[in-house]
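Number of protein chains: 2
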Amino acid sequence: MRDAFHEDLDRISDELVEMTTMVGKAIQRATAALLNADLGIAESVIAADDDIDELRRTVDDRCVDLLARQQPVATDLRMVVTAMHMASDIERMGDLARHVAKIARRRYPEGAVPEDVASIISEMEKVAEGLVKKTGDAIAGKDVHAAVEIAKDDDALDELHRTIFNTLLDGKWDHGTEAAVNLTLISRYYERFGDHAVSVADRIVYLVTGSYGTEDEGLIHQA
Amino acid sequence: MRDAFHEDLDRISDELVEMTTMVGKAIQRATAALLNADLGIAESVIAADDDIDELRRTVDDRCVDLLARQQPVATDLRMVVTAMHMASDIERMGDLARHVAKIARRRYPEGAVPEDVASIISEMEKVAEGLVKKTGDAIAGKDVHAAVEIAKDDDALDELHRTIFNTLLDGKWDHGTEAAVNLTLISRYYERFGDHAVSVADRIVYLVTGSYGTEDEGLIHQA
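Residue numbers (the UniProt record's numbering), protein chains in the order written: chain A, 1 to 223; chain B, 1 to 223.
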């Protein structure tokens, strides 16, 4: 039997994982809306972000309530505080998916992404979706290995972000300024999406190992 | 005499205000580096961001320590949790100033901002600097009026952000794609800078009044 504190903490962990599932769906659908100029999907992603924000408030309130009732110390206290920080990062990932959907909506019925870069955006989406899935797994399992994988995925996302910028800046861009502005923002949104996943991963690594950051190779052996 | 808990909380509040001072200096200097293509200032803003990050960790650790030692409940607990969220927002404002400085550094010895939009960026900086000053005042005085002013400043910043985008998209942009990409990012950084100040303001309003958001007109009378 788990004690009351750990039962509450499990529930918070489940809700954080649920947030990652919602965010994964959001980035997948936002990208579909973007690449297929689908207004209906864009609208539904924008509307569904309220549910992510709401669940984040639920997690926050539950954490504060848990602090007040159980007055945890040491690692237990760190876990509750970390959960609040994670909720903030995951909620922000949802905002970024919403931003992608908003660009799709603003450009409708036109597309926002020229055909020759669509495959790169599609690749960014795949990496982002895998990354948020691993974020959920890392939270559910307090899994340092998954956290290390997240850092690798984020490197892949950064590399794709650089590819987009090289495409914009190689002097051969012929899709005009508006497409360049939109693509700059879109690429930045995916890049930031990855950063927030890394922030969650870093917090898990810190909780489990007491060391900061997923960059430290030593963690792979430590885990 | 203040009790030990409130003495600790005052110290945390002082450190948050100090963070806003550092961030105000960072955005002011980052903008100078950007508009004058000054590599030395750009480098010093980038280096100084570590100090902001460090102070944020100090605030976080102090908050966790305070929770563990004093086990506050009700409003006292809310204040400590809110301080952690504020530290996160203010640190992020510092990151955004650093991003502006990084664009200045990347473009050196060229400038990143065409002369005809420099005055708009200069205006964004003025608003941003006032906004972070008010954020410090609002934290120091738990001042709901200052918080309402922050929301107004943020509206001004959003309006300037729209002006930049109109300039980029009115079909008369003749500074090329690279300048458009940089200006898109720069304008976005100032806009996000404002959003984080509003997030801090919203938390102060919530602490003081128990209501969410600075948008609610009622708060002006309530305060």
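Virtual Cβ for every residue (Gly too), placed ideally from N, Cα, C.
Note that the coordinates shown come from a computational prediction; the quantities given were computed from them, not determined experimentally.
At a Cβ-Cβ threshold of 7 Å, residue 30 of chain B and residue 56 of chain B do not count as neighbours. Residue 176 of chain A: member of the alpha helix (DSSP H) spanning 176-209, first to last residue.
Shown here, residue 171 of chain B sits in coil according to DSSP, grouped into three states, outside any helix or strand. Interface annotation, residue 28 of chain B: not in contact with chain A, CB-CB separation never under 7 Å.
Each of A/61, A/81, A/25 and A/35 was checked against the Cα of residue 47 of chain A, and the nearest Cα belongs to A/25. Within the same chain, Cβ atoms closer than 7 Å to the Cβ of residue 146 of chain B are found at 134, 137 and 138, the five residues on either side in sequence being excluded. Using a Cβ-Cβ cut-off of 8 Å, residue 9 of chain A is close to nothing in chain B; its nearest Cβ partner there is about 15 Å away. Residue 115 of chain B is classed as exposed because its beta carbon has fewer than 16 other beta carbons within 10 Å across all chains shown. Under the three-state reduction of DSSP, residue 143 of chain B is assigned to coil, being neither helix nor strand.
Assignment of residue 136 of chain B by DSSP, reduced to helix, strand and coil, places it in the helix class. Taken in chain order, the members of the segment 183-194 of chain B whose beta-carbon sits within less than 9 Å of a beta-carbon on chain A are 183, 184, 185 and 188.
In this model, residue 108 of chain A and residue 101 of chain A are separated by some 11 Å (Cα to Cα).
In the three-state DSSP reduction, residue 2 of chain A falls in the coil class, being neither helix nor strand. Within a 10 Å sphere around the beta-carbon of residue 119 of chain B sit fewer than 16 other beta-carbons, which makes this residue exposed. Within 8 Å of the CB of residue 88 of chain B, the CB atoms of chain A belong to 85 and 88, in sequence order along the chain. Distance from the CA of residue 98 of chain A to the CA of residue 53 of chain A, rounded to the nearest whole angstrom, comes to 12 Å. Taking every protein chain shown into account, the CB of residue 180 of chain B has 16 or more other CB atoms within 10 angstroms, so this residue is buried.
Look at residue 110 of chain B here: in three-state DSSP terms it is coil, with no helix or strand label. The alpha-carbon of residue 112 of chain B is positioned some 9 Å away from that of residue 105 of chain B. For residue 22 of chain A, the CB contacts under 8 Å within the same chain, skipping 5 residues up- and downstream, are 48, 51, 52, 55 and 94 in chain order. Looking from the CA of residue 128 of chain A, the closest CA among A/9, A/195, A/71 and A/211 belongs to A/195. The DSSP-derived three-state label of residue 148 of chain B is helix. For residue 73 of chain A, no alpha helix (DSSP H) encloses it, and the DSSP letter there is neither H nor E.
In the three-state DSSP reduction, residue 37 of chain A falls in the coil class, being neither helix nor strand. Contact between residue 153 of chain B and residue 130 of chain B holds: CB atoms are separated by about 6 Å, below the 8 Å threshold.
Rounded to the nearest whole angstrom, the C-alpha separation of residue 18 of chain A and residue 184 of chain B is 34 Å. When the alpha-carbon of residue 110 of chain B is set against those of B/182, B/27, B/197 and B/151, the nearest one is in B/182.
Contact annotation: residue 132 of chain B and residue 58 of chain B have beta-carbon atoms that are not nearer than 7 Å.
Any Cβ of chain A closer than 7 Å to the Cβ of residue 58 of chain B would place that residue at the interface, and such an atom is absent.
Here the alpha carbons of residue 172 of chain B and residue 85 of chain A stand approximately 44 Å from one another. Nearest to residue 117 of chain A by alpha-carbon distance, out of A/143, A/77 and A/161, is A/161. Counting only the Cα atoms, residue 82 of chain B lies some 37 Å from residue 38 of chain B. Residue 211 of chain B and residue 124 of chain B have their C-alpha atoms spaced approximately 29 Å apart.
Rounded to the nearest angstrom, the gap between the Cα atoms of residue 122 of chain A and residue 2 of chain A is 43 Å.
A distance below 7 Å between beta-carbons, with the five flanking residues on each side excluded, links residue 164 of chain B to the following residues of its chain, in chain order: 117, 120, 183 and 187.
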